[in-house]
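Worksheet: the structure to be examined is printed underneath.
In this note's numbering, the protein residues as written are 80 to 541.
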């Protein structure tokens, strides 16, 4: 693979990518072929059609990208499912749901969940926040005896906008470095843009779609149907909030140190920095949270060790399908990246001579649609457009707006080549058409609203 170069032009590569996506949709929707089988088959056919070396396709492309996605997803989903199951079976999720409803009222419960997710989403990466927060979302929807979509999109959309727009998440940090934008400027402009974008794309869209698409509350993160016998003394809402704050604070410590390292405030070679970053890495933070939950929600409340083992073991089986299908989505995105499809399209877009701000947005959109990963789309688009941005002579505030506009493009139109598409769809127990009608629309609206707000700020601050 190191010495291989793509000889096809952007036109044929685009045709192959469109054909592959169409084949995935036909196999899954019309012929009901399992998503895992479909994604592996189409990934293989796409690799062959784009001319990747036959000797490298299986190990260097398919298995490598499948394993790379699993490495980042499997531990998070598995540990998050355990944590969610402990919170659920202890009665803590229901206690927190009841507290939210009492505090904000029944009609404002989705808004409250969304605001809580915005706060948790500041330091926590998207997928980790998702699996930790969804049990609370599901419990609230059950408490209201309502479908889950209004509650789910308010929460999931919040994690998405925080992940894509704001430092200390990796995409906006990398784009800020490429463009020479200040982290502080990006934060000050990004916070109101992220909130307004979430309000339209997460909260209001969830309210709108919930009336038209029925998505029942799934049992997935509960490890199956809930037991009829609820705990005699359910865990309090304060206890649940305390446990959920553990991963948030630990991960915030890690991402905060990463930001300080990027600004040369502290050295990455210091042993204390490395130790704290290890403790604050997402898998270790979730592991610590699970251990604390086992004691606080289980052992201290008199649960037997065998019962606790059975509880967390029951959380793993239902999420295996989620993990494998998400890995397959990462595999397909990896094939598209390795074949050069995204790069060819981005190069074509960069040479069209359109305004720089719009060009950054469109290049990120093309990369996102072509290869799936929002972070890859954002960092690659920023690297490609950096010379044009640097030559434009923008102010510090305008550079921050360019970062946010590029970030908006990087989240557009999530579909079958995005591992997040499969993660959200399977966790909410939605089929592919429903995921396209909900999650894909949410991501596209984030892009449109986010870019519009970034462009307005760019003009006003010019």
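Glycine residues also receive a C-beta, built at the ideal position from the N, C-alpha and C atoms.
Buried versus exposed call for residue i [16 or more other C-beta atoms within 10 Å across all chains shown]
i, result
"residue 439", "buried"
"residue 167", "buried"
"residue 281", "buried"
"residue 133", "exposed"
"residue 138", "exposed"
"residue 370", "exposed"
"residue 392", "exposed"
"residue 510", "exposed"
"residue 110", "exposed"
"residue 469", "exposed"
"residue 26", "What is shown of the chain runs 80 to 541, which leaves residue 26 out entirely."
"residue 289", "buried"
"residue 122", "buried"
"residue 480", "buried"
"residue 291", "exposed"
"residue 466", "exposed"
"residue 84", "exposed"
Range covered by the alpha helix (DSSP H) that runs through residue i
i, result
"residue 274", "262-277"
"residue 286", "284-289"
"residue 389", "384-417"
"residue 453", "453-470"
"residue 360", "Premise fails: residue 360 is in no alpha helix (DSSP H) and is neither H nor E."
"residue 520", "520-539"
"residue 173", "171-183"
"residue 292", "Counting along the chain, residue 292 falls outside any alpha helix (DSSP H), and DSSP gives it neither H nor E."
"residue 198", "188-199"
Cutoff 8 Å; reference residue i; Cβ partners in own chain excluding five residues on either side
i, result
"residue 152", "206, 402, 405, 406, 409, 498, 502"
Other residues of its chain near residue i: CB distance less than 6 Å, five sequence neighbours each side excluded
i, result
"residue 504", "514"
"residue 473", "none"
"residue 471", "435"
"residue 530", "440, 484, 487"
"residue 145", "406, 410"
"residue 296", "217, 220, 221, 227"
"residue 129", "95, 418"
"residue 413", "144"
Other residues of its chain near residue i: CB distance less than 7 Å, five sequence neighbours each side excluded
i, result
"residue 113", "none"
"residue 200", "208, 237, 238, 241, 242"
"residue 518", "493, 500, 503, 504"
"residue 160", "210, 300, 394, 395, 398"
"residue 332", "355, 359"
Cβ-heavy atom distance, residue i to the ligand FMN, below 7 Å
i, result
"residue 383", "No copy of the ligand FMN appears in this structure; indeed no ligand is present at all."
Problem set entry | contact_flag[the region 526-540, the region 493-501] where n(CB pairs < 8 Å) is 3 or more | no
For this session: Indicate whether the contact test is met: 3 or more Cβ pairs, each with one atom in the region 141-160 and one in the region 178-196, closer than 8 Å.
Result: no
For this session: Say whether the region 348-355 touches the region 310-319, bearing in mind that this needs 3 or more beta-carbon pairs closer than 8 Å, one atom from each stretch.
Result: no
Exercise. Are the region 264-277 and the region 188-197 in contact at 8 Å, needing three or more beta carbon pairs?
Worked result: yes
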